[in-house]
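Position 121, counted from 1, in the sequence shown is what the numbering used here calls 682; the numbers after and before it change by one each time, with no gaps.
Reviewing the structure listed below.
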Amino acid sequence: MQRLTRRTDFLAAAKGLRASYGAFVVQARQRAEDGPARIGFTVSRQVGNAVERNRVRRRLREMVRLSQGGGMHDGHDYVLIGRRAALAVPFRQMRRELDGALGRIHDPERTQAHQETRQAAGGGREWSPHQLSSPRPAKRRPRQKPHGH
Numbered sequence: 562m563q564r565l566t567r568r569t570d571f572l573a574a575a576k577g578l579r580a581s582y583g584a585f586v587v588q589a590r591q592r593a594e595d596g597p598a599r600i601g602f603t604v605s606r607q608v609g610n611a612v613e614r615n616r617v618r619r620r621l622r623e624m625v626r627l628s629q630g631g632g633m634h635d636g637h638d639y640v641l642i643g644r645r646a647a648l649a650v651p652f653r654q655m656r657r658e659l660d661g662a663l664g665r666i667h668d669p670e671r672t673q674a675h676q677e678t679r680q681a682a683g684g685g686r687e688w689s690p691h692q693l694s695s696p697r698p699a700k701r702r703p704r705q706k707p708h709g710h
């Protein structure tokens, strides 16, 4: 299993299937080329400070390592998005949730329904990851205090 490192890979996985659970969200997409499954981990700042985010990330990595790719298919990219609940959920339960999430993602009926929805919405056209991001907001100047007060 390989790691996802490029932002474009994370954005592409976000366009694929997803399964949410209390401790994390799994996003997955099938790549055009074959090869081992690739996985990425992300935890937003809303989860907590750096220590808490790193703890969530370590728990997610260990969960995937212990599952040894069970349920993950070759030729797919996976992104695990950690939630704050991952700090408190028992590790064994997190592993069961990962198995359930991968089962839901690789359900043939769900995959077919997702592809039909994307085609109906014009999802067959090419896209650029640069189109997904919004322009950077302009820096605000600090507010000046009124003179004489």
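Each residue gets a CB set at the ideal place from its N, CA and C atoms; glycine is no exception.
query: Which word fits leucine 555, buried or exposed, when buried means at least 16 other C-beta atoms lie within 10 angstroms of its C-beta?
result: Since the first and last residues shown for the chain are 562 and 710, residue 555 lies out of range.
- request: From the DSSP output, in three-state form, read off leucine 565 for me.
  value: If DSSP states are grouped into helix, strand and coil, leucine 565 belongs with coil.
task: Sort Asn615, Arg626, Phe602, Leu627 by Cα distance to alanine 574 and report the nearest one.
output: Phe602
task: Would you tell me roughly how many angstroms separate the C-alpha atoms of glycine 632 and valine 604, rounded to the nearest one?
output: Whole-angstrom Cα-Cα distance: 22 Å.
query: Roughly how many angstroms separate the alpha carbons of arginine 614 and arginine 606, rounded to a whole number?
result: 7 Å
- prompt: Can you give the Cα-Cα distance for glutamate 623 and leucine 659, rounded to whole angstroms?
  reply: 12 Å
- request: To the nearest angstrom, report how far apart glutamine 563 and proline 597 are at their CA atoms.
  value: About 7 Å.
field: Straight-line gap, arginine 567 to isoleucine 642 (C-alpha atoms, nearest Å)
entry: 15 Å
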